[in-house]
């Protein structure tokens with residue numbers, strides 16, 4: 327019984343707390359959700375500790391409105407390079423479709439799951455199924 | 206003329222010293238000692254990092270491994286340290302409950318050198334083995350010096366807690382046995398909770414490190430602390446060979462573009 331209580335404690339804590347296996351926590355992102363962004367690249371930041379894409383996303387229900395700028399986070403350059411990315415994989419003006427785990431606080435930001443480039447192909451090697459941060 | 210003589214004397218002396226040093230470095234005994242050491246050359250990474258998504262989200266298999274390891278190594282604390290553990294756990298739970306969308310920062314960003322034993326987690330690694338020392342180098346800035354020249358730990362009055370502590374080792378066949386003390390007196394609860402648990406000044410790590418096959422190095426890791434633990438913690442970490450990359454590139458320069466800063470004790474994200 328004591329063992330099962332301890333195990334339960336671990337599981338509960340595991341599910342609510344953040345992990346530190348990257349440079350910093352990913353707990354800001356809701357990994358149970360995915361949002362698809364269809365937009366235009368404003369800037370691709372190939373930087374340490376992590377790469378970022380600034381993408382302008384129009385509201386499909388209101389094409390006249392100004393697009394919303396999202397900042398979406400990726401891994402470190404060296405890890406992305408191993409996945410088939412290059413510093414020039416994206417350029418300003420590129421039309422992209424980006425799947426992200428959104429920020430919990432509702433800001434226009436997220437953690438990138440995958441990016442489909444202007445040629446309609448996913449950039450880099452696909453991830454293993456069901457990938458998410460703990 | 207006097208200058209020329211002095212220069213000649215300098216180069217003669219310098220040449221003799223260099224020749225003597227080279228002779229020593231390439232002595233028969235040292236070459237033989239090298240030949241007995243295993244070959245761990247190449248690059249390595251934690252097995253849980255394989256198959257990540259673009260945001261470095263872990264694969265389902267990695268999550269299963271992490272959870273199983275976390276549960277298997279769950280520490281059995283003494284009453285004093287169990288109380289400390291519960292206090293930290295409750296404070297984190299309270300902070301999450303108070304503001305679920307802005308999670309509390311249970312640690313500072315792991316930029317720069319992660320403290321031992323968190324050195325096992327992020328990045329890619331190299332092991333440099335010489336008869337006198339094995340050096341562990343990671344792409345996130347961690348460097349461990351494991352002295353295998355037969356020395357002991359320094360006397361207690363010359364030790365104080367440091368990021369990597371003091372490591373000495375010896376070879377038992379192809380297994381490197383490492384003894385580490387004088388770390389920052391905490392253990393990394395990362396795979397459970399992302400925080401560092403304070404421990405006593407008796408904290409002591411023993412690692413048995415071996416290449417179990419061409420593509421895997423296994424670290425059999427034991428934590429002892431008679432003040433904080435009722436029994437040692439034991440865990441096994443596996444590093445797999447990196448086959449898709451051949452350069453150690455630095456990846457922990459947070460000054461370049463840190464957009465997840467800690468603000469008021471919580472992680473935040475700068476979207477613009």
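Protein chains in written order, with the working numbering: chain A, 327 to 460; chain B, 206 to 477. The beta carbon of each residue, even a glycine, is placed where N, CA and C say it ideally should be.
In the DSSP assignment, what residue or residues form a beta bridge with residue i?
{"i": "residue 384 of chain B", "result": "B:373 and B:411"}
{"i": "residue 446 of chain B", "result": "B:249"}
{"i": "residue 350 of chain B", "result": "B:340"}
{"i": "residue 423 of chain A", "result": "A:364 and A:442"}
{"i": "residue 357 of chain A", "result": "Bridge partners of residue 357 of chain A: none, in fact."}
{"i": "residue 427 of chain B", "result": "B:411 and B:439"}
{"i": "residue 395 of chain A", "result": "A:382"}
{"i": "residue 416 of chain B", "result": "B:422"}
{"i": "residue 332 of chain B", "result": "B:341"}
{"i": "residue 368 of chain B", "result": "Partner(s): none; residue 368 of chain B has no beta bridge."}
{"i": "residue 403 of chain B", "result": "B:391"}
{"i": "residue 472 of chain B", "result": "B:467"}
{"i": "residue 448 of chain A", "result": "A:442"}
{"i": "residue 371 of chain A", "result": "A:378"}
{"i": "residue 428 of chain A", "result": "A:436"}
{"i": "residue 434 of chain B", "result": "B:282"}
Buried or exposed for residue i, going by 16 or more other Cβ atoms inside 10 Å?
{"i": "residue 376 of chain A", "result": "buried"}
{"i": "residue 446 of chain A", "result": "exposed"}
{"i": "residue 427 of chain B", "result": "exposed"}
{"i": "residue 327 of chain B", "result": "buried"}
{"i": "residue 302 of chain B", "result": "exposed"}
{"i": "residue 452 of chain A", "result": "exposed"}
{"i": "residue 363 of chain B", "result": "exposed"}
{"i": "residue 265 of chain B", "result": "exposed"}
{"i": "residue 471 of chain B", "result": "buried"}
{"i": "residue 433 of chain B", "result": "buried"}
{"i": "residue 320 of chain B", "result": "buried"}
{"i": "residue 408 of chain A", "result": "buried"}
{"i": "residue 224 of chain B", "result": "Low confidence applies here, because residue 224 of chain B scores a pLDDT of 48, under 50, leaving its location unreliable and the question unanswered by this model."}
{"i": "residue 390 of chain A", "result": "exposed"}
{"i": "residue 349 of chain B", "result": "buried"}
{"i": "residue 150 of chain B", "result": "The requested residue 150 of chain B does not occur in the structure, where chain B is confined to residues 206 to 477."}
{"i": "residue 367 of chain B", "result": "exposed"}
{"i": "residue 234 of chain B", "result": "exposed"}
{"i": "residue 245 of chain B", "result": "buried"}
{"i": "residue 304 of chain B", "result": "exposed"}
{"i": "residue 275 of chain B", "result": "buried"}
{"i": "residue 374 of chain A", "result": "buried"}
{"i": "residue 353 of chain A", "result": "buried"}
{"i": "residue 358 of chain A", "result": "exposed"}
{"i": "residue 398 of chain A", "result": "buried"}
{"i": "residue 419 of chain A", "result": "exposed"}
{"i": "residue 461 of chain B", "result": "exposed"}
{"i": "residue 450 of chain A", "result": "buried"}
Check whether chain D comes within 8 Å of residue i, counting only Cβ atoms and requiring the distance to be less than that.
{"i": "residue 385 of chain A", "result": "Included in the structure are the protein chains A and B, with no chain D among them."}
Can you determine whether any heavy atom of the ligand FMN sits closer than 7 Å to the C-beta of residue i, and answer yes or no?
{"i": "residue 360 of chain B", "result": "Within the structure as shown, the ligand FMN is missing, as the structure has no ligands at all."}
Next item on the list: May I ask you to verify whether the stretch 376-394 of chain A touches the stretch 238-253 of chain B, counting CB pairs closer than 8 Å and requiring at least 3?
Entry: With a cut-off of 8 Å on Cβ pairs, the stretch 376-394 of chain A is not in contact with the stretch 238-253 of chain B, counting fewer than three such pairs.
| So does the stretch 404-414 of chain B actually touch the stretch 445-456 of chain B, counting three or more Cβ pairs closer than 8 Å? | The way I'd put it, the stretch 404-414 of chain B doesn't touch the stretch 445-456 of chain B; fewer than three beta-carbon pairs between them come closer than 8 Å.
- Which runs of the beta strand (DSSP E), 3 residues or longer, sit entirely within the stretch 243-311 of chain B? Those beta strand (DSSP E) runs which fall completely within the stretch 243-311 of chain B and span 3+ residues are 249-251.
* Closer than 7 Å, Cβ to Cβ, to anything on chain B: give me those residues from the stretch 428-449 of chain A, in chain order. => Those residues of the stretch 428-449 of chain A placed with their C-beta closer than 7 Å to a C-beta in chain B are 429, 430, 431, 433, 434, 435, 437, 438, 439, 440 and 441, ordered along the chain.
Contact between the stretch 401-409 of chain A and the stretch 281-288 of chain B is defined here as three or more beta-carbon pairs at a separation below 8 Å; is this criterion met?
Of all C-beta pairs linking the stretch 401-409 of chain A to the stretch 281-288 of chain B, fewer than three are shorter than 8 Å, placing the two stretches out of contact.
(message) Can you pull out the residues from the stretch 458-471 of chain B whose beta carbon lies closer than 7 Å to at least one beta carbon of chain A?
(response) The stretch 458-471 of chain B vs chain A, Cβ under 7 Å: 458, 459, 461, 462, 463, 464 and 465.
### Task
Give a yes or no on contact between the stretch 419-429 of chain A and the stretch 356-368 of chain A, applying the rule of three or more CB pairs nearer than 8 Å.
They touch, by the three-pair rule.
By the 7 Å beta-carbon criterion, what residues does the stretch 243-265 of chain B contribute toward chain A? Residues 256, 257, 258, 259, 260, 261, 262, 263, 264 and 265.
(message) Closer than 7 Å between beta carbons: that is the criterion. Which residues of the stretch 419-448 of chain B meet it against chain A?
(response) Answer set for the stretch 419-448 of chain B: empty.
- Message: Output needed in chain order: residues of the stretch 356-378 of chain A with a Cβ under 8 Å from some Cβ in chain B.
- Response: The stretch 356-378 of chain A vs chain B, Cβ under 8 Å: 357, 371, 373, 374, 375, 376 and 378.
- Are three or more beta carbon pairs between the stretch 244-263 of chain B and the stretch 433-444 of chain A nearer than 8 Å? Because the criterion of three Cβ pairs below 8 Å is met, the stretch 244-263 of chain B and the stretch 433-444 of chain A touch.
Touching or not, the stretch 333-341 of chain B and the stretch 409-422 of chain A, by the rule of three or more beta carbon pairs under 8 Å?
The way I'd put it, the stretch 333-341 of chain B doesn't touch the stretch 409-422 of chain A; fewer than three beta-carbon pairs between them come closer than 8 Å.
Cβ-based contacts, 9 Å cut-off: residues of the stretch 394-405 of chain A near chain B
So the close ones are 395, 396, 397, 398, 399, 400, 401, 402, 403, 404 and 405.
Mind checking the stretch 271-286 of chain B against chain A and listing, in chain order, the residues whose C-beta falls within less than 7 Å of any C-beta there?
Under the 7 Å Cβ criterion, the stretch 271-286 of chain B contributes 271, 272, 275, 276 and 279.
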